[in-house]
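*Asks:* Line by line, the protein sequences give chains A and B. Take the position in the first sequence, starting the count at 1, then add 1; the result is the number in this note's numbering. Take the position in the second sequence, starting the count at 1, then add 1; the result is the number in this note's numbering. Note that CB positions come from ideal geometry on N, CA and C, so glycine has one too.
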Amino acid sequence: MDKAIVNELDHVVVRFSGDSGDGMQLTGTLFSNLSAILGNEISTFPDFPSEIRAPQGTVGGVSGFQVHLGASKIFTPGDDADVMVVMNPAALKVNAKSVKRGGVLIFDTDSFEKSDFDKAGFKTENPFEELAISETVQLIPVPLSSLTQQSLDGLGFDNKTVLRSKNMFALGLVCWLFNRPIDKAVGFLEAKFKKKQDLLTANIKVLTDGYNYGSNLQLTLSTFQVDKSTNIEKGTYTSISGNKATAWGLIAAAEKAGLQLFIGSYPITPATDIMQELSLYKNLGVKVIQAEDEIAGITTSLGASFAGCLAATNTSGPGLALKSEAIGLAVMAELPIVVIDVMRGGPSTGLPTKTEQTDLLQALYGRNGESPVVVMAASSPADCFHFAYMASKIALEFMTPVILLTDAFIGNGTSLWKLPKLAQLPLINPNYTKKDAEKSHVTSRDENTKVRYWSVPGVEGLGHRNGGLEKDYNTGAISSDALNHAKMVATREEKVNNVANILPNVEVEGDSSADLLVIGWGGTHGHLMSAVTNMNAKGDKIALAHFNYINPLPKNTEELIAKYKKVVVCELNSGQFASFLRTKVPGVEFLQYNKVQGQPFTVTELEEYFGSLLKLTL
Amino acid sequence: METTNIQYTAKDFKSDQYVRWCPGCGDHAVLNSLQKVLADLAIPPHQTAIISGIGCSSRLPYYISSYGFHTIHGRGAAVATGVKVANPSLAVWQITGDGDCLAIGGNHFIHSVRRNVDINVLLFNNQIYGLTKGQYSPTTKKGFVTKSSPFGTVERPFRPAELTFGARGTFFARFLDVDLKVAQSVMSAAAKHKGTSVIESLVNCIIFNNGAHGWLAEKENRPDRTIVLEHGKPMIFGKERNKGLVLEGMTLKVVTIGENGVTESDILIHDAHAHDSTIQLKLALMEGPEMPIAMGVIREVEDETYDAAVEAQIFDEKAKAKIKCFDDLVATCEQWEM
């Protein structure tokens with residue numbers, strides 16, 4: 002093997018893109034897992050169309066999977082690709098703008114025929130010129146389809162199986178390009194195709210031939226070397242998506258609390274994976290109802306909460322709107338429930354597969370009456386686990402609904418997750434009615450925390466009537482007394498505010514003596530942190546305060562913000578967190594950086610913007 | 002559901018709350034009958050959960066000394082489903098009205114019936130919105146003048162039995178608020194039935210729809226205008242117990258025993274247990290004055306309940322699972338040291 006040039010890089014972005022049926026998600030997942038095993042940090046993001054089977058070869062049917070590998074800390078799946086693999090002209094058309102200048106573009110020449118150009122809507126037969134990238138990227142033509150056919154020739158596979166294996170040829174080639182030994186990939190394929198021996202054989206053969214093609218033909222191309230990450234916390238890791246991590250956080254919390262886990266849910270993009278994941282675990286006793294609608298999703302859960310379960314429901318923006326009244330009931334009845342909103346582009350049906358942070362104000366305020374709830378947000382695929390766990394803990398210990406905001410970006414994306422042990426997770430102590438209580442009424446509460454006691458049906462002597470009508474503070478009987486109502490409103494609010502007593506302080510990341518404080522929340526942490534880290538490396542005085550707890554805010558919020566001369570709140574909406582902060586932290590001028598395009602921030606645009614703010618300061 | 006040897010009385014199921022329904026409201030009688038039935042069932046009050054939505058009848062949980070949850074409009078069926086699936090050992094009752102159950106809650110109603118969740122649905126049908134002061138409901142007779150239909154409704158009403166049967170219900174029964182005997186026997190049968198038991202209680206709203214069921218309720222005429230069906234018994238009714246139902250072609254018809262050569266052996270025998278619901282539906286849909294209105298248990302068939310099926314699946318999967326806890330689950334991840 003004679004490799005002329007090896008590019009040693011700190012981090013690199015690879016994107017696989019093709020038709021929905023081309024197996025790009027599998028290819029990308031295998032490549033990221035291989036890299037993680039070799040010690041790279043990884044972050045991935047799948048990008049698939051909302052159409053299930055758009056016509057083959059059209060831009061509507063393009064499915065992609067991006068992998069970001071790093072030898073040091075990486076926070077996002079990356080902006081533009083260093084290496085792009087496109088299986089047809091449609092994939093090229095969709096992704097051309099996302100290849101870095103000087104990047105490598107591998108394409109399947111067998112799918113670059115006149116009819117393919119027509120389907121993708123190209124006007125000429127030179128798509129690269131048409132897209133004006135023929136001079137700016139390294140084009141690597143590879144006849145993927147015919148090479149795959151040759152690879153499997155004479156082995157008795159039908160043509161469909163043969164063509165479906167071409168993604169493995171591409172993977173083999175990329176493995177060569179990145180010096181990834183393919184034996185590990187063979188192991189993954191064996192697990193994946195356990196029950197389909199012929200497919201396994203075909204895939205391994207094609208993968209191997211793809212790798213050898215790269216090394217034997219000495220493609221006129223430099224290879225990449227991304228070293229093992231050295232600054233990652235030692236331990237055992239896997240790669241996990243945000244939605245799966247969320248589901249697992251609930252499972253862990255239920256077991257820790259000694260409770261049955263119950264999910265009432267209705268399918269909605271991009272949140273459905275959470276319900277589907279949980280429905281796998283009958284063996285762990287998880288009860289899942291696929292309800293008749295969003296409202297029944299939360300109300301079956303609220304019934305289960307009343308009956309003593311750890312109850313949760315998952316949804317996206319439109320579903321959260323439908324659940325509003327039931328969340329209000331949970332506020333009034335003071336029952337624990339976790340509501341997970343995997344945010345997408347809105348309003349209305351909006352952009353179902355795209356990401357936004359536009360549900361924050363709905364989560365905070367979208368109910369009738371004075372109805373405070375705990376609102377929190379996860380900030381990476383892996384930490385969805387931690388925040389789903391904490392949402393459960395808070396709901397059970399404070400007898401309150403908790404809305405956990407994630408989004409399509411971190412819900413579908415994956416990142417490295419250090420495997421936890423249940424014993425290491427924080428204790429969860431639901432606020433049960435004391436054993437010696439003579440009787441229960443729904444408003445008996447701990448006078449310090451204002452948390453009401455939980456009397457679970459089935460226990461003799463603790464029968465009570467709960468409901469959505471206002472209750473007397475002392476007896477729990479229904480009451481419309483004016484001053485009692487005022488007291489109950491204040492009590493429920495005080496209870497939610499008391500959650501701040503167990504929250505960690507918000508920390509400043511980056512240069513703490515900065516001139517510019519960037520504030521973010523939820524799923525934008527990766528991009529904001531990348532931008533701040535890059536700018537610190539160049540000597541810019543900039544820092545990040547990223548929020549996971551929004552209502553209540555961490556106790557040090559006001560004090561922390563007051564230390565900085567210039568504060569900018571960055572979010573994927575028109576300024577919802579900024580407006581919330583203005584009500585909670587008066588006297589600060591909050592600048593805003595907003596993007597509402599259904600897309601995450603890019604690190605580049607953030608750095609440009611922060612750079613311009615710093616110039617203004619100087 | 003755990004039953005005990007303790008002898009309960011209706012008093013054990015009365016809460017300390019003052020009953021706030023209007024004097025003369027039909028709901029009072031149903032409440033009293035329910036408390037009596039609950040006591041006779043010998044299920045302890047703390048093993049009983051009463052769930053309701055919104056409306057006059059949905060206040061009922063406050064008046065029963067058990068675990069109660071007065072929820073939001075129309076969602077009682079879904080909340081009750083959650084309670085039962087979460088803890089199948091509880092006896093779960095859903096209290097609802099014609100607006101709560103069949104208008105805003107229609108979707109949850111048909112789906113709980115379809116799933117056959119083991120809950121008892123006590124549907125108070127007074128054919129009017131009472132708590133909002135007199136608007137027409139989905140069961141109000143066409144042409145009826147109400148506050149929101151000053152020129153008479155132009156809507157075709159639902160017939161709750163038809164919806165229940167259409168949703169593949171396994172139990173449907175009906176009673177009149179004033180007929181305590183039938184009320185109690187029907188509620189008792191509903192409680193014992195495994196599956197969603199729909200009980201349509203014809204109740205009188207003395208303020209906004211007084212006498213809606215009056216032509217049935219008058220003691221004098223009730224025997225001729227209603228028929229109380231009992232499984233395995235001939236369908237005989239009337240003051241003189243000489244009227245009966247026969248099937249002529251595909252149509253039910255009233256005949257008089259002793260006239261035109263009709264004898265008791267010609268009269269249909271009620272089969273509430275037949276899975277084929279054709280005749281049961283015809284019985285449930287009989288309308289006066291030509292036909293008597295059917296009371297009692299009209300359909301009662303066995304089928305798997307949703308809550309039991311959920312439990313069974315979990316039981317089976319647990320039995321064969323290698324993954325027993327969260328730590329086992331984590332161990333199944335593709336994992337590597339870093």
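Using CA atoms only, rank isn't needed, just tell me which of A:PRO319, A:LEU145, A:VAL604 and A:THR137 is closest to A:PHE113.
*Replies:* Here the closest residue by C-alpha is A:LEU145.
*Asks:* Compute the beta-carbon to beta-carbon distance between A:LEU153 and A:VAL143, rounded to the nearest angstrom, for a pair I have assumed lies under 8 Å.
*Replies:* About 16 Å separates the two Cβ atoms, so there is no contact after all.
*Asks:* For the stretch 298–310 of chain A, list every residue whose C-beta sits within 7 Å of some C-beta in chain B, in sequence order.
*Replies:* From the stretch 298–310 of chain A, only THR300, THR301, SER302, LEU303, GLY304, ALA305, PHE307, ALA308, GLY309 and CYS310 have a Cβ closer than 7 Å to chain B.
*Asks:* Quick check on this structure: which residue in B:ARG226, B:ARG60 and B:LYS323 has the alpha carbon closest to the alpha carbon of B:VAL31?
*Replies:* Checked all of B:ARG226, B:ARG60 and B:LYS323; the closest Cα to B:VAL31 is B:ARG60.
*Asks:* Mind pulling the chain B residues with CB within less than 7 Å of A:VAL460?
*Replies:* By Cβ distance, chain B contributes HIS47.
*Asks:* Please list the partners that B:ASN88 has in chain A, where partner means a Cβ-to-Cβ separation under 9 Å.
*Replies:* In chain order: GLN261, ALA305, ALA308, GLY309, CYS310, VAL457, PRO458 and GLY459.
*Asks:* So if I threshold CB-CB distances at 9 Å, which residues from the stretch 264–294 of chain A count as touching chain B?
*Replies:* From the stretch 264–294 of chain A, only GLY265, TYR282, LYS283, ASN284, LEU285, GLY286, VAL287, LYS288, VAL289, ILE290, ALA292, GLU293 and ASP294 have a Cβ closer than 9 Å to chain B.
*Asks:* Start and end of the beta strand (DSSP E) containing A:ASP20?
*Replies:* Start and end: 12–20.
*Asks:* Output needed in chain order: residues of the stretch 64–87 of chain B with a Cβ under 7 Å from some Cβ in chain A.
*Replies:* Under the 7 Å Cβ criterion, the stretch 64–87 of chain B contributes SER66, SER67, TYR68, GLY69, PHE70, HIS71, THR72, ILE73, ARG76, ALA79, VAL80, ALA81, THR82, GLY83, VAL84, VAL86 and ALA87.
*Asks:* Which one of A:VAL509, A:PRO319 and A:LYS422 has the shortest CA to CA distance from A:LEU361?
*Replies:* Nearest option by C-alpha distance: A:PRO319.
*Asks:* How would you write the range of the alpha helix (DSSP H) that A:GLU494 sits in, first residue to last?
*Replies:* Unbroken alpha helix (DSSP H) run through A:GLU494: 483–499.
*Asks:* Using a 10 Å radius around the Cβ and a threshold of 16 neighbouring Cβ atoms, would you call A:TRP249 buried or exposed?
*Replies:* It counts as buried.
*Asks:* For B:SER149 and B:THR133, what's the separation of their Cα atoms in angstroms?
*Replies:* Their backbone Cα atoms lie some 11 Å apart in a straight line.
*Asks:* Would you identify the three-state DSSP class for A:PHE129, choosing helix, strand or coil?
*Replies:* The answer is helix: DSSP assigns A:PHE129 an H, G or I state.
*Asks:* Once the 5 residues before and after A:LYS451 are set aside, which same chain residues still bring their CB inside 7 Å of it?
*Replies:* These residues qualify, in order along the chain: THR492, GLU495, LYS496 and ASN499.
*Asks:* Are at least three pairs of beta-carbons, each pair with one atom in the stretch 336–346 of chain A and one in the stretch 300–320 of chain A, less than 8 Å apart?
*Replies:* Yes, the stretch 336–346 of chain A is in contact with the stretch 300–320 of chain A.
*Asks:* Would A:ASN315 count as contacting chain B if we go by Cβ distances under 8 Å?
*Replies:* Taking Cβ atoms only, chain B never reaches closer than 8 Å to A:ASN315, which makes this a no.
*Asks:* With DSSP as the reference, identify every bridge partner of A:MET377, one or two as the case may be.
*Replies:* BP columns for A:MET377 point to A:LEU405 and A:TYR550.
*Asks:* If you draw a straight line from the alpha carbon of B:ALA11 to that of B:SER90, how long is it in whole angstroms?
*Replies:* When rounded, the distance between both Cα atoms is 22 Å.
*Asks:* Within 10 angstroms of the Cβ of B:PHE152, are there 16 or more other Cβ atoms? Answer buried if so, exposed if not.
*Replies:* The residue in question, B:PHE152, is exposed, as its Cβ has fewer than 16 Cβ neighbours within 10 Å.
*Asks:* CB A:ASN1 to CB A:PHE388, shorter than 8 Å?
*Replies:* Residue coverage of chain A in this structure runs from 2 to 619, which leaves residue 1 of chain A outside it and unanswerable.
*Asks:* Can you tell me where the alpha helix (DSSP H) holding A:CYS176 begins and where it ends?
*Replies:* Start and end: 167–178.
*Asks:* Could you check what DSSP says for A:ASP48 in three-state terms: helix, strand or coil?
*Replies:* DSSP places A:ASP48 in strand when its eight states are reduced to three.
*Asks:* Using the beta-carbon count (16 or more within 10 Å), is A:LYS206 buried or exposed?
*Replies:* It is buried - the Cβ of A:LYS206 has at least 16 other Cβ atoms within 10 Å.
*Asks:* Is the stretch 257–266 of chain A close to the stretch 298–315 of chain B, with three or more CB pairs under 8 Å?
*Replies:* As far as the Cβ criterion goes, the stretch 257–266 of chain A does not touch the stretch 298–315 of chain B, which means the pair count is below three.
*Asks:* Against chain B, which members of the stretch 36–70 of chain A pass a CB distance test of less than 8 Å?
*Replies:* Answer in chain order: ALA37, ILE38 and GLY40.
*Asks:* Alpha carbon to alpha carbon, how far is B:SER66 from B:PRO42? Give it in angstroms, no decimals.
*Replies:* According to the sequence shown, residue 42 of chain B is Leu rather than Pro. Roughly 15 Å separates the two Cα atoms.
*Asks:* Looking at A:PHE410 and A:GLY524, is the spacing between their C-beta atoms short of 8 Å?
*Replies:* Contact flag set, yes.
*Asks:* I'd like to know if A:ASN467 contacts chain B, where contact means its C-beta is closer than 8 Å to some C-beta of that chain.
*Replies:* Yes, A:ASN467 lies at the interface with chain B (some Cβ there is under 8 Å from its Cβ).
*Asks:* Could you tell me whether the Cβ atoms of A:LEU31 and A:LEU172 are closer together than 8 Å?
*Replies:* Going by C-beta atoms, A:LEU31 is nearer than 8 Å to A:LEU172.
*Asks:* Might you give, ordered along the chain, the residues of its own chain that have their beta carbon closer than 6 Å to the beta carbon of B:MET339, omitting 5 neighbours on each side?
*Replies:* Correct list: empty, nothing qualifies.
*Asks:* Please report whether the beta-carbon of A:HIS12 lies at a distance below 8 Å from any beta-carbon of chain B.
*Replies:* No, because no Cβ of chain B sits closer than 8 Å to the Cβ of A:HIS12.
*Asks:* In chain B, which residues lie less than 9 Å from A:VAL230 when you measure between Cβ atoms?
*Replies:* As written in the sequence, residue 230 of chain A is Ser, which differs from the Val given in the question. Correct list: MET339.
*Asks:* Between the Cα of B:ASN126 and those of B:ILE111, B:GLY100, B:GLY107 and B:ASN108, spot the shortest distance and give me the residue it belongs to.
*Replies:* Considering only alpha carbons, the answer is B:GLY100.
*Asks:* Determine the extent of the alpha helix (DSSP H) in which A:VAL95 is found, giving its start and end residues.
*Replies:* Element bounds for A:VAL95: 90–96.
*Asks:* Less than 8 Å between the beta carbons of A:ILE296 and A:LEU323, yes or no?
*Replies:* Contact: yes.
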